[in-house]
Amino acid sequence: MLRGNATGKPPGNPARQLLFSEALRQQKHPLLKDPKDSQPHSHTTTGNMEESSQGASMDRILQEISAVGRKLEGMDCAKTTLTAETRSMRLEIAGFQSQISGLDQRVATVETQVASWTDNGQELMHLCSKLTDLEVRSRRNNICLMGFRRA
Numbered sequence: 475m476l477r478g479n480a481t482g483k484p485p486g487n488p489a490r491q492l493l494f495s496e497a498l499r500q501q502k503h504p505l506l507k508d509p510k511d512s513q514p515h516s517h518t519t520t521g522n523m524e525e526s527s528q529g530a531s532m533d534r535i536l537q538e539i540s541a542v543g544r545k546l547e548g549m550d551c552a553k554t555t556l557t558a559e560t561r562s563m564r565l566e567i568a569g570f571q572s573q574i575s576g577l578d579q580r581v582a583t584v585e586t587q588v589a590s591w592t593d594n595g596q597e598l599m600h601l602c603s604k605l606t607d608l609e610v611r612s613r614r615n616n617i618c619l620m621g622f623r624r625a
């Protein structure tokens, strides 16, 4: 009895697929039986033609199975490539995330420093206006008007 899954598909391993297809050629697999085979043959000439058409259909089925196997191998290769690409992208993303967290810390430090400078700037502006006011007051107090008496 041939080994494969219930649908008659060959096992996943390419070596097993080859053995499976060879075994199909050597013996008739129950899933590949032609419905015409269940009817008794009326005479040998018709039986030989049916056998040759059955052999041709078996060859066609085997070719299709082989083609499907090749496609599956290609898909498996593509899957492996995609898996590797996904892993490398995940590693890159992890690196980016660590860089971003480091940059977040640096930005927070700069924001704190800028806030401090802003406060210092406002205090400096207040002190400048106070100094200007004191200078103006000092000048007013130093004015001597000639010809007027002091009160």
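Just so we're on the same page, the working numbering is the position in the sequence shown counted from 1, plus 474.
Backbone N, C-alpha and C fix where the C-beta goes; we use that ideal spot for every residue, glycine too.
Between the CA atoms of residue j and residue i - distance to the nearest angstrom
i: D533; j: T557; result: 36 Å
i: N615; j: G621; result: 17 Å
i: E597; j: R623; result: 42 Å
i: E547; j: A582; result: 52 Å
i: S527; j: A541; result: 21 Å
i: K604; j: V588; result: 24 Å
i: Q571; j: R561; result: 15 Å
i: Q573; j: R580; result: 11 Å
i: C551; j: E585; result: 50 Å
i: L601; j: L577; result: 36 Å
i: M549; j: R564; result: 22 Å
i: A568; j: E559; result: 14 Å
i: T627; j: K545; result: Residue 627 lies beyond the residue range present for the chain, which begins at 475 and ends at 625; the question has no answer from this structure.
i: L608; j: N594; result: 21 Å
i: R613; j: M599; result: 21 Å
Secondary structure of residue i, DSSP reduced to three states
i: L476; result: At L476 the pLDDT is 44, less than 50, meaning the model places this residue with poor confidence and gives no usable figure here.
i: F570; result: helix
i: N615; result: helix
i: R623; result: coil
i: H503; result: Reliability of the predicted coordinates at H503 is poor, the pLDDT of 48 falling under 50, and no value is obtained from them.
Heavy atom of the ligand COA within 6 Å of residue i beta-carbon
i: I574; result: Only the bare structure without any ligand can be found here, which leaves the ligand COA out of the picture.
Contacting residues, own chain, Cβ-Cβ under 6 Å from residue i (five flanking each side not counted)
i: V610; result: none
i: E538; result: none
Beta-carbon contacts of residue i that lie in its chain and below 8 Å, excluding the five residues immediately before and after
i: G529; result: none
Sequence-distant residues of its chain with Cβ nearer than 7 Å to residue i (five each side left out)
i: W708; result: Nothing about residue 708 can be reported from this structure: the residues present for the chain run from 475 to 625 only.
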